[in-house]
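Asker: For the sequence shown, numbering that gives the first Met the number 0 begins at 0 and goes up steadily by one. Each residue gets a CB set at the ideal place from its N, CA and C atoms; glycine is no exception. Model, not experiment: these values are computed from the prediction. Just passing along the structure, written as structure tokens.
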Amino acid sequence: MKNTSFAGWLAAILLFVFCESCSTTPPPGPTISEEEMRAVAAAAISDVQKSEKFISYLNKYREENGANAVPVVKLAKTRNDTDVTGLDISPITDTLFRALSASKMVEVTLAEGELRVKAIPDSRDNKYDPNFDPDSVARPGTIRAADLILRPKVTSSMVREGRNQVVIRSFVLEMADIRTGLLVWSFSKRFGLTKEQQVVGL
Numbered sequence: 000m001k002n003t004s005f006a007g008w009l010a011a012i013l014l015f016v017f018c019e020s021c022s023t024t025p026p027p028g029p030t031i032s033e034e035e036m037r038a039v040a041a042a043a044i045s046d047v048q049k050s051e052k053f054i055s056y057l058n059k060y061r062e063e064n065g066a067n068a069v070p071v072v073k074l075a076k077t078r079n080d081t082d083v084t085g086l087d088i089s090p091i092t093d094t095l096f097r098a099l100s101a102s103k104m105v106e107v108t109l110a111e112g113e114l115r116v117k118a119i120p121d122s123r124d125n126k127y128d129p130n131f132d133p134d135s136v137a138r139p140g141t142i143r144a145a146d147l148i149l150r151p152k153v154t155s156s157m158v159r160e161g162r163n164q165v166v167i168r169s170f171v172l173e174m175a176d177i178r179t180g181l182l183v184w185s186f187s188k189r190f191g192l193t194k195e196q197q198v199v200g201l
């Protein structure tokens with residue numbers, strides 16, 4: 000009887016230890032704070048202003064289009080390449096839009112890309128409405144196409160830190176010249192969202 004009790008007690012302890020070693024620290028909620036988004040956007044703008052590759056592109060662009068010419072960029076949809084399907088990344092586009100507009104290094108188009116405003120082509124169709132002065136309606140061929148495309152994404156990667164496996168989530172930006180398809184600038188910054196898991200047997 001004593002042996003049976005001892006065996007049961009030992010099994011309970013082993014089960015407890017095993018479960019503890021396999022425990023996963025829950026990650027923070029599937030959101031990115033406004034403070035983090037603003038910090039990332041500010042860091043990105045600071046980085047692009049110092050990027051030799053982007054400055055070289057900008058100088059060449061102004062040689063071809065005039066000393067005060069400003070390239071037009073369209074924002075692609077932010078991609079979620081993490082392990083969290085419910086991660087809310089939709090506000091990133093608006094945050095980037097405000098930061099890019101304030102930088103005055105580029106103009107952000109609302110006629111195409113993720114920020115496309117349907118009201119723009121609708122308003123241009125006013126020429127078919129006799130109530131509008133035809134001279135005030137935008138003429139065909141006046142919308143500026145984007146020179147650059149900016150693709151934001153949130154990624155995740157796993158690293159080993161002692162007995163822990165840590166999932167790190169990062170914000171990545173890639174800007175390409177639409178005419179050539181070549182990468183003009185890239186940027187990466189780690190977010191504060193991490194998930195730790197203890198490795199069994201270490």
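Taking C-beta to C-beta, are proline 70 and aspartate 134 nearer than 8 Å?
Answerer: Contact: no.
Asker: By alpha-carbon positions, which one of Ala41, Glu35, Trp184 ends up nearest to isoleucine 148?
Answerer: That would be Trp184, whose Cα lies nearest to the Cα of isoleucine 148.
Asker: Below 8 Å, can you find three or more Cβ-Cβ pairs linking the region 137-144 to the region 105-123?
Answerer: Result yes; three or more Cβ-Cβ pairs closer than 8 Å.
Asker: Measuring CB to CB, does valine 105 end up less than 8 Å from phenylalanine 96?
Answerer: Cβ distance not < 8 Å, so valine 105 and phenylalanine 96 don't count as in contact.
Asker: Run through DSSP, which three-state label would proline 151 get?
Answerer: Strand, per DSSP.
Asker: Is it true that the CB of phenylalanine 170 sits closer than 8 Å to the CB of aspartate 46?
Answerer: Contact: no.
Asker: Thinking C-alpha only, which one of Ser156, Lys152, Val153, Ile119 is nearest proline 222?
Answerer: A query on residue 222 cannot be resolved here, the shown segment of the chain reaching from 0 to 201 and no further.
Asker: State the DSSP-derived secondary structure class of aspartate 87, mapped to helix, strand or coil.
Answerer: In the structure shown, aspartate 87 sits in a strand (DSSP, three-state: E or B).
Asker: Identify which residue in Arg78, Val116, Ala68 has its Cα closest to the Cα of lysine 103.
Answerer: Of Arg78, Val116, Ala68, the residue nearest in Cα terms is Ala68.
Asker: When burial is assigned at 16 or more other CB atoms within 10 Å of the CB, is leucine 86 buried or exposed?
Answerer: The residue is buried, with at least 16 neighbouring Cβ atoms inside 10 Å.
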